[in-house]
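>
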Ligand code: FPP
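In my numbering, the protein residues as written are 10 to 253.
1. Rounding to the nearest angstrom, what Cα-Cα distance links residue 148 and residue 71 in this structure?
2. Just list the beta strand (DSSP E) runs in the region 40-92, keeping only unbroken ones of 3 residues or longer that don't cross its boundaries, in chain order.
3. Leaving out five residues before and five after residue 89 in sequence, what residues of the same chain have Cβ atoms less than 8 Å from its Cβ?
4. What number of angstroms, rounded off, separates the C-alpha of residue 38 from the C-alpha of residue 229?
5. Can you tell me the Cα-Cα spacing of residue 260 and residue 108, whole angstroms?
6. For residue 12, count neighbouring Cβ atoms within 10 angstroms of its own Cβ and tell me buried if that reaches 16, exposed if not.
7. Tell me, to the nearest whole angstrom, how far the beta carbon of residue 202 is from that of residue 32; I am working on the premise that it is less than 8 Å.
8. Can you tell me the Cα-Cα spacing of residue 244 and residue 27, whole angstroms?
9. By the three-class DSSP mapping on this structure, what secondary structure does residue 246 have?
10. Consider the C-beta atom of residue 99 and the heavy atoms of the ligand FPP; say whether any pair is separated by less than 7 Å.
11. DSSP state of residue 149, grouped into three classes?
12. Taking the alpha helix (DSSP H) that residue 19 falls in, what are its first and last residues?
13. Is any heavy atom of the ligand FPP found at a distance shorter than 7 Å from the C-beta of residue 77?
14. Please classify residue 129: does DSSP put it in a helix, a strand, or coil?
15. Have a look at the DSSP bridge pairing and note the partners of residue 28.
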């Protein structure tokens, strides 16, 4: 880790405050090893744990990962259940280690479509970590960006119907407050691994001004050195938010 921190200092790198990640390539990583796809996800989960630890040491304050999309239900039953089991075990581990690691965990996505056991773990974890002062770690589970916007619009429509909000009061800030990501700053940098260069319905509202970094590295192989490369790339870009 020392060499990374030295590089950040010497190159005066500006660290993105919020990094969003599409952890792609687990299946191909496993296939290359003649292993079942779920083995790739198990390795992928280990990589996330390492990257959030390293990222926080590098100065990143918020990390948001795409763990399961609304589309992922179409995968084989075996793969879906392996992913759900992995996520559930991760939530349980997080609860057990919450006092040690000081991380604030939040889950975004449509919880109504998840197993009640997972929802109970999510609620427990969010509650016990809500005032932690370390990394703000957000996991998207049963998440789809358009679905998130649809759910927000529905809630706002109900508020208008109940006359709690006037249509004129619907500003971008108000919409932000009704999204699953309410209270989180927009990501500064998006990383997608495995060579795909698509958004795949991930945070379409929140990524409007974000820098995108794509790499061919498969997610289970992604290291802190790759994260440093992404941060260097981010530093080569100037963000003007449409101004001059
Ligand atoms: C995409 O790779 C990855 C996923 C659909 C799942 C991501 C989940 C994890 C990394 C594990 C659990 C996460 C946490 C937070 C503990 P792919 O399967 O589409 O790979 P492929 O494109 O090579 O087929």
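In this text, a Cβ means the ideal position worked out from N, Cα and C, and glycines have one as well. As the structure is a computational prediction, the values presented were derived from the model and not from experiment.
For this structure:
1. 11 Å
2. 71-78
3. 81, 82
4. 7 Å
5. Residue 260 is absent from the model: the chain starts at 10 and stops at 253.
6. exposed
7. 6 Å
8. 14 Å
9. coil
10. yes
11. strand
12. 11-19
13. yes
14. helix
15. 72, 198
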